[in-house]
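Visitor: Heads up: the sequence shown begins at 1177 in my numbering, then just goes up one per residue.
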Amino acid sequence: MDTKAIEKFSIEAREQLLKDMEQQLYVYALDDAGRAEYAADADAIRGVVLSPAEHAQRTELYRRIEREGTLPFITTMAYTWFNRFAAIRYMELAGYLPSHVRMLTAADGSFNPECLRVATTLDLPGLDQVEVAQLIQTGDDEALYRAILIAQCNELAAFLPSVFGTVTSDALTLPQNLLNKTEFNVLYRLVTNIPEDAWVDVEILGWMYQFYNSAVKAEFFKSKRKAGAEDIAPATQLFTPDWIVRYMVDNSLGRLWMLNHPESTLREHAHAENPSDRLMEYYIEPDEEHEDFIRINSPEDITFCDPACGSGHILVYAFKMLMAIYQECGYREREISALILTKNLSGFEIDQRAAQIAQLALAMCARAYDRRFFTRNITANICVLNSIDVDMDELSLTSPLRNKEQLLQDLAHLSEIGSLMQPTPEDIAALEGDLVESNAGDLFSSNANEHVAQAIAACKALTRRFDVVVANPPYMGSSSFNPFMSKWVKKHYPDVKSDLFASFIVRIMDIAKDHGEVGIMCPFVWMFIGSYEKLRNKLIDEKTITSLIQLEYSGFAGATVPICTFTYHNSHIDGYKGGYVRLSDFVGAATQAPKALEAIQNPDCGWFYRADAGRFHDIPGSPIAYWAGSGLFHAFKMGLSMRDQFLAIVKGIFTGDNARFLRLWYEVSSKEIKRSSWALYTKGGAFRRWYGNIEHVVNWRNDAQDLRSFPGSGLGPSKYYGSYTFTWSKITSSISSFRFNDGSVYFDDASPALVIRTEDKPESRYYILGLLNSSVARHILSIIAPTLNCQVGDVSAIPVFYPEGALTSSTAQIVSSNIALSHVDWDSQETSWGFKRNPLV
């Protein structure tokens, strides 16, 4: 789908609707200034007398805005009308409107609403035909159109209450001039800016939601503030690419069905003529049969959950697959939709707006197979996890909730922690006990009881476990956590506290049933870096990675981090060889899906691998090194430790304020450097092997007294300053490079160092430097440190073999010569401290 037109419209529609809402509040004196001037029960505004209906509506809105606040109300109504308009447009093009009359266009697709032409015969609940006749007689098409739109929304509210809601007082916020053919009319632009063929697939609704929120997301990241409850959803939600959704569901839900029913024809759907109808196209066949899986006899037994469902893209594809499964089992098409929504699919979401889109999308899927679906009073099981305030002051002295302070705190922040919350049976018992006690004594307000009832429903939903769990969890680093979230995640997910996505991976292990199937899309840093080693060990030792696709760095246009997607079986199968696809060599988002599909269809392509995850433990840190050959595993198992070859492998100095303590060497008097007031300093730099990148000096006056006392600084292992070292640039573009430094050069945190023992022979020193700069080390680092950061632990993990005979000596001689040549080359540049004269002079 080409989303450019959708993106442009959604962003601009949000801006326009916010202005429209402000204008409507001004018209009815509901903005801050208007409410200060006109009371809630005012009969006239600026000399204009309100009709009885307008009077009642304004009074209700006045009180609502006082409760919610002006800006939150404007924001809510803007997205509410956006969702309503998008839903009506989708349904009119799909032919799903109950009246079968176009509300936004004529039959030829032009912006000339058909409903105006047939207004006298429209059968919409609440549409007063007497009023219709009067408006037609006076030629007031604008008022007539507003009345029809409101009636249409109210009719749809009976079928889709979460999306439409009954339009009562908020009718006053419906924008003006809805028939104008100008750029200021959102309805006109909705029809003219997005081509009709873009509305063929229901996923357009998810794209519109994401793009609508893009400005909010950009503003949050620009502000660098800590994430409040209102920030988390727009800042973290990404519309999952369709091919990744298919891969995850194919290899979780599809896998579970195929394990139970190997005779199934489900895989034949991969060859459907219409690409949108294809199923199991990305299914990776198990390498061997096994009996460790949940037994499913009937499609009605399957439970599927997306614990961070957003606008429902994953659930929509799961719906399509379940439809095919039910059809294969002989169910009647008209009864399947209701079964899927009531028995199979569930979702959790912290954002009411996203949940509305998810429920709408699933309703559209159901309506496609069941013409009478709207009359069946069925809505998708999307649990919106809003914060719930249970006031301790309203509890009786004997309430069991008085001993549940942590539970009440979690509920109060539920819109932040969402489905990461793990209620216990004791928590639910305490909530139910309080409700029974308060009802028996009739001591508390119905409002308090309602909150407790909401808490019971949310906690019970969060304790359910599912056969299949698939998610694209939120990505947010701990640096963006607000104080509550930071403390809460550290307490409940201590081993994966650095990012929300990792916490979700652990939480999903409990949401999925034992022996269930899981699919996840997330940043691929968990596969390699040291802070996620415990997570890797848990996945390797307690679960079974059944498949994984590692995308190229720019393989997902929607994220600023490199991505992977993987599936696992929620128990351990010893010796299982999962299927892995490595897309690192294929640049750009457009290449990822076809190359993944090619690998699945042709495992001999060169970028498809089979690997037993248990072998990853042979490599220090247990990276997910699925493409490593047997020789490399042997090297890690039998080789000497790089760490043991040196006095230490350490991080360097962190000044806390480089502008204060660092200078380029030529910005400081050479006398100051020679007197040791300033010390030569390397802080990483560009790719350069053997020698060089010594461009800075660090303030070392009085033995670095100012630096040592500066808040936020860190001198690291200062006892090694003055030692011979091999340093490298921690941040690389692709390839690490190692350099020799004598004891006169200090090193930065961005330029860690291997500290050479004074008793080591030069031969062994240089041999190892040669190894570090070789293609062998480069290959090893590409496996254990494939990110842009090459850390101390990564270099420490490189195995060392000393060959017998003259090879070590000859290698050392070559390296020594390379150092000398590189030294001369570096000093030939005027930016080198050792520069004497230009070699061309």
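From the three backbone atoms N, C-alpha and C, an ideal C-beta is built for every residue, glycine too.
Drop a sphere of 10 angstroms on the beta-carbon of Q1821, count the other beta-carbons inside from all chains shown, and report buried for 16 or more, exposed for fewer.
Guide: buried
Visitor: Under 8 Å between the Cβ atoms of A1270 and M1540?
Guide: yes
Visitor: For Q1535, which residues of its own chain have a beta-carbon under 8 Å away from its beta-carbon, when the five flanking residues on both sides are left out?
Guide: L1336, S1338, V1339, G1488, T1555, A1556, I1558
Visitor: Which residue comes first and which comes last in the beta strand (DSSP E) that contains H1745?
Guide: 1739 to 1745
Visitor: Apart from the five residues just before and just after S1575, which ones in its own chain have a Cβ nearer than 7 Å to its Cβ?
Guide: D1610, E1613
Visitor: Where L1619 and L1584 are concerned, what is the direct C-alpha to C-alpha distance, given to the nearest angstrom?
Guide: Note that L1619 scores a pLDDT of 48, beneath 50, so its modelled location is shaky; the value from the coordinates is reported in the next line. Roughly 20 Å between the two C-alpha positions.
Visitor: Between the C-alpha atoms of Y1272 and W1375, what's the straight-line distance to the nearest angstrom?
Guide: 13 Å
Visitor: Do E1709 and S1654 have their C-beta atoms closer together than 8 Å?
Guide: Cβ distance not < 8 Å, so E1709 and S1654 don't count as in contact.
Visitor: Under 8 Å between the Cβ atoms of T1903 and T1858?
Guide: A contact, by the Cβ cut-off of 8 Å.
Visitor: Taking just the CA atoms, how far does E1236 sit from E1457?
Guide: 53 Å
Visitor: Can you give me the C-alpha to C-alpha distance between I1187 and L1945, rounded to a whole angstrom?
Guide: 54 Å
Visitor: Classify K1850 as helix, strand or coil using the three-state DSSP reduction.
Guide: It is helical.
Visitor: Enumerate, from N- to C-terminal direction, the unbroken beta strand (DSSP E) stretches of 3 or more residues contained entirely within the region 1969 to 2017.
Guide: none
Visitor: Grab me the residues of Q2005's own chain with a C-beta within less than 6 Å of its C-beta, minus the 5 sequence neighbours each way, in chain order.
Guide: none
Visitor: Does the separation of the CB atoms of G1365 and F1660 fall below 8 Å?
Guide: In the sequence under discussion, the amino acid at residue 1365 is Arg, which differs from the Gly named in the question. No. Outside cutoff.
Visitor: My understanding is that Y1385 touches R1508, with C-beta atoms under 8 Å, so please give their C-beta distance in whole angstroms.
Guide: Not a contact, Cβ separation roughly 33 Å.
Visitor: Can you tell me which of the three DSSP states W1419 falls into?
Guide: helix
Visitor: According to the Cβ coordinates, are Y1756 and Y1802 closer than 8 Å?
Guide: yes
Visitor: Between the Cα of V1991 and those of F1916, D1924, S1958, spot the shortest distance and give me the residue it belongs to.
Guide: F1916
Visitor: A1787 by DSSP, collapsed to three states: which one?
Guide: strand
Visitor: Whole angstroms is fine: what's the gap from R1265's alpha carbon to C1485's?
Guide: 23 Å
Visitor: I'd like the list of long-range same chain contacts for E1728, defined as Cβ closer than 8 Å, with 5 residues on each side in sequence excluded.
Guide: P1738, L1759, S1760, D1761, F1762, V1763, G1764, T1767, Q1768
Visitor: State buried or exposed for R1786, treating a residue as buried only when at least 16 other CB atoms are found within 10 Å of its CB.
Guide: exposed
Visitor: How would you label S1905, buried or exposed, when you count the other beta carbons within 10 angstroms and need 16 or more for buried?
Guide: buried
Visitor: When the Cα of R1819 is compared with those of V1294, A1929, Y1922, which residue comes out closest?
Guide: A1929
Visitor: Any heavy atom of the ligand MG closer than 7 Å to the Cβ of S1798?
Guide: Summarising the ligand content, the structure contains no ligands, and the ligand MG is consequently not present.
Visitor: For the beta strand (DSSP E) containing R1260, list its first residue and its last residue.
Guide: Careful: R1260 lies outside any beta strand (DSSP E), inside the alpha helix (DSSP H) at 1246 to 1270.
Visitor: Are at least three pairs of beta-carbons, each pair with one atom in the region 1215 to 1235 and one in the region 1418 to 1427, less than 8 Å apart?
Guide: no
Visitor: Here's the rule: buried if 16 or more other CB atoms are within 10 angstroms of the residue's CB, otherwise exposed. What is R1234?
Guide: buried
Visitor: Going residue by residue through the region 1830 to 1915, where are the continuous alpha helix (DSSP H) segments of at least 4 residues, counting only ones entirely within it?
Guide: 1834 to 1837, 1846 to 1850, 1877 to 1885
Visitor: Within the same chain, show all residues whose beta-carbon is closer than 7 Å to that of G1868, passing over the 5 residues directly before and after it, in chain order.
Guide: Here the set comprises R1915, S1998, W2002.
Visitor: Once the 5 residues before and after N1994 are set aside, which same chain residues still bring their CB inside 7 Å of it?
Guide: For N1994, the CB contacts under 7 Å within the same chain, skipping 5 residues up- and downstream, are W1866 in chain order.
Visitor: Flag S1899 as yes if its beta-carbon sits less than 8 Å from any beta-carbon of chain B, otherwise no.
Guide: Of the protein chains in the structure, only one exists, and it is not chain B.
Visitor: When DSSP labels each residue in this structure, what does R1322 get in the three-state scheme?
Guide: helix
Visitor: On the DSSP letters alone, give me the boundaries of the alpha helix (DSSP H) that T1368 sits inside.
Guide: 1362 to 1369
Visitor: For T1358, is the classification buried or exposed, using 16 other Cβ atoms within 10 angstroms of its Cβ as the cut-off for buried?
Guide: Exposed is the call here.
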